[in-house]
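J.:
Number of protein chains: 2
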Amino acid sequence: MDTTQLLKGVLDVAVLAVLDERDSYGYEVVRRLREAGLEDVGDASVYGTLRRLFKAGALTSYVVPSEEGPHRKYYGLNATGRTTLDGSRATWRRFARTMDGLLDHTEKR
Amino acid sequence: MDTTQLLKGVLDVAVLAVLDERDSYGYEVVRRLREAGLEDVGDASVYGTLRRLFKAGALTSYVVPSEEGPHRKYYGLNATGRTTLDGSRATWRRFARTMDGLLDHTEKR
DNA sequence: GCGCGGTACTTCGCAATGCGCAATAGTGTG
DNA sequence: CACACTATTGCGCATTGCGAAGTACCGCGC
């Protein structure tokens, strides 16, 4: 089953959530999301989302040269990002409950 | 808060769910979805979704001339539609629980 | 009869966003 | 050296929800 369309609009919150736990860089965010259960998430989507959120002013960014490989571009939440996260989390919960209600209500007995 | 992106990929299931309860036509589907809590759903989206689902072979369709207004194009689930609904419902639940887990896990204390 | 509001559907084109793919580049392993 | 893994960027595509406009049919009040 394809979850691509379900991810729309949710990837933002998901990325903000893992960054709220601790600063991270693209490649690692992908791994953490997949470990959390979002196994089908594409790497290009995450990188794109990070850039978008940064451009929207929700994230800070700093490059950390690594001696174990290529450099890493770390991202972290700023005040705006935390506010966005709180709002999006609430929106998600309202929405998810609405959908649950709709699907439960009509489910065959 | 904008739920447009959240609707992506979910409108299908929502429409299938209300049609599973009983046959309906576009205009009424919109009303029923809004009453169920999806208040921001656009009418063009629903009409589009109905056409898409019909084209995909999940729906039956029959026109009922109405003496109380314009004709109504009724849609109903066929076997394929019910199978699709069952699958999508399960997919939604798995996905929603994954997201809930991710958001709970990282929520501020 | 005429305008108005509500019902009901279609078509058009746009905007947002997730993704595949290719390119670049550094590191360590066989 | 070829290869795999890490790490990022850019390009272009597909999907899909939506706004706007147009068509059309109905009953109601004036």
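In the order they appear, the protein sequences are chains V and A. The numbers in our numbering rise by one with no breaks, and the one at position 21 of the first sequence is 313. The numbers in our numbering rise by one with no breaks, and the one at position 55 of the second sequence is 347. Built from N, CA and C at the ideal position, the CB exists for glycine as well. These numbers were taken from a predicted model, which means no experiment stands behind them.
(1) Under 8 Å Cβ to Cβ from residue 401(V), same chain only, skipping five residues before and after it: list those, please.
(2) Can you check the segment 315 to 377 of chain V for any alpha helix (DSSP H) of at least 4 residues that lies completely inside it and give the ranges in chain order?
(3) Should residue 373(V) go down as buried or exposed, given a rule of 16 or more other Cβ atoms within 10 Å for buried?
(4) Once DSSP output is grouped into helix, strand and coil, what is the label at residue 294(A)?
(5) Are the C-beta of residue 376(A) and some C-beta of chain V separated by less than 8 Å?
(6) Less than 8 Å between the C-beta atoms of residue 321(V) and residue 302(V), yes or no?
(7) Which of the three DSSP states, helix, strand or coil, is assigned to residue 301(A)?
(8) Check this for me: beta carbons of residue 387(V) and residue 367(V), under 8 Å apart or not?
(9) Taking 8 Å as the cut-off, does the segment 355 to 369 of chain V touch the segment 379 to 386 of chain V (at least 3 CB pairs, one atom from each stretch)?
T.: Let me spell this out:
(1) Taking the first sequence and counting its residues from 1, one reaches residue 401(V) at position 109. Its pLDDT being 49, under 50, residue 401(V) is placed unreliably in this model, and the value from its coordinates should be taken loosely. Excluding positions up to five away in sequence, the list is empty.
(2) 318 to 327, 335 to 347
(3) Here residue 373(V) corresponds to residue number 81 of the first sequence, with the count starting at 1. Classification for residue 373(V): buried.
(4) For the purposes of this step, residue 294(A) is taken as residue 2 along the second sequence, with counting starting at 1. Residue 294(A) falls in the coil class under three-state DSSP.
(5) To locate residue 376(A), count along the second sequence from 1; it is residue 84. No, because no Cβ of chain V sits closer than 8 Å to the Cβ of residue 376(A).
(6) As a working note, residue 321(V) is residue 29 in the first sequence. As a working note, residue 302(V) is residue 10 in the first sequence. No, the pair does not count as a contact, with Cβ atoms beyond the cut-off.
(7) Stepping through the second sequence from its first residue, residue 301(A) is reached at position 9. Residue 301(A): coil per DSSP, three-state reduction.
(8) Translated into the one-based positions of the first sequence, residue 387(V) becomes position 95. Translated into the one-based positions of the first sequence, residue 367(V) becomes position 75. Their beta carbons are not under 8 Å apart, which means residue 387(V) does not touch residue 367(V) by this criterion.
(9) no
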